[in-house]
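Colleague: With the sequence shown counted from 1, adding 27 to any position gets you this note's numbering. The beta carbon of each residue, even a glycine, is placed where N, CA and C say it ideally should be.
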Amino acid sequence: MRLMIDERYERMPWDELDAVVFDVGDVLLHYSPEAELEHFFPGDREKHERLMRKIIRTPYWNMLDRGSLTLEEAIAAMTGRDADLAGDIRTVMENFFCFNTVVEEGVRALYACRAHGKRTFVLSNYQDKAFDRVQMQYDFFDLFEAKIVSAKVGMIKPNPEIYAYVTETYGLEPSRTLFIDDTPANIEGAMHMGWQGFCLNRPGKLSGFFGEEA
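(1) Roughly how many angstroms separate the alpha carbons of W211 and F123, rounded to a whole number?
(2) Look at the alpha carbon of G242 and the alpha carbon of G94, and state the distance between them as a whole number of angstroms.
(3) To the nearest angstrom, how far is the alpha carbon of F236 from that of E37?
(4) Ignoring anything shorter than 4 residues or poking outside the region 138 to 182, list the alpha helix (DSSP H) runs there in chain order.
(5) In whole angstroms, what is the alpha-carbon distance linking F144 and L170?
(6) Helix, strand or coil: which one does DSSP assign to T194?
(7) Candidates L78, E215, N127, K156: which alpha carbon is nearest D29's?
(8) What residues in its chain sit with their C-beta under 6 angstroms from that of L199, if we drop five residues either side in the sequence?
(9) Flag this pair as touching only if the region 47 to 56 and the region 200 to 209 have three or more C-beta atom pairs under 8 angstroms; answer yes or no.
(10) Any chance you could list the alpha helix (DSSP H) runs of at least 4 consecutive residues sitting entirely within the region 193 to 238, in chain order?
(11) I'd like to confirm the pairing. Which residues does DSSP put opposite G94 in its beta bridges?
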């Protein structure tokens, strides 16, 4: 059984790695659908719950991430028979991910990787246009050699094909590639393909592993 990198090392083993691949949600930018809904509809808990059911907790959300639905198709499908929510669903979907805040330890880790001469990549399940918007908001996205976004490549984590695509397209050595993600299934998928894995599942964990550099 393979162990995650922080189960084998107390601190980041720089000499053992050539590349570090970062997820976006809750690694570089906080992901909180609830906070976004609160921004759009302050204090309306009933509407928040209805929209969570109509937007986030549907197959259409993952289909957008995969790039198999357009935004207009997704809005229509999410609305369905609930015509009274049509305007609210459109408001959310056309502006979602506009209110992210930075995960400071994740961005510090990115700068540390660059300072150590490591190749850096984004690998994220993200909607096409939403990612285009969010990467324009933050300069640190310019530090990545490439940004592999599920909706743009038509593949999604944790399916093996997306890790194989990144490995082959960018000439990575799997055993010398570290993937940082907040979702255990995505880490498992990467490790199955031979990558190293680090699961950022609690605040401060990445800072602790990187030491003073993050």
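Modeller: By the coordinates alone:
(1) The sequence given here has Pro at residue 211, not Trp. Distance between the alpha carbons of P211 and F123 is about 24 angstroms.
(2) As displayed, the chain neither begins before 28 nor continues past 241, which places residue 242 out of reach and without an answer.
(3) About 7 angstroms.
(4) The DSSP assignment places 155 to 164, 177 to 180 as complete runs of the alpha helix (DSSP H) inside the region 138 to 182, in order along the chain (cut-off: 4 residues).
(5) One point to set straight first is that residue 144 is Gly, not Phe, in the sequence displayed. Annotation: G144 to L170 spans about 12 angstroms, alpha carbon to alpha carbon.
(6) Helix.
(7) Reading off the sequence, residue 29 comes out as Arg, not Asp. In this structure, E215 is the residue among L78, E215, N127, K156 with its C-alpha nearest to the C-alpha of R29.
(8) So the qualifying residues of the chain are A46.
(9) Three or more beta-carbon pairs drawn from the region 47 to 56 and the region 200 to 209 are found closer than 8 angstroms, and the two stretches are therefore classed as touching.
(10) With a minimum length of 4 residues, the unbroken runs of alpha helix (DSSP H) contained wholly in the region 193 to 238 fall at 211 to 219, 232 to 237.
(11) Paired residue(s): none; G94 is not in a bridge.
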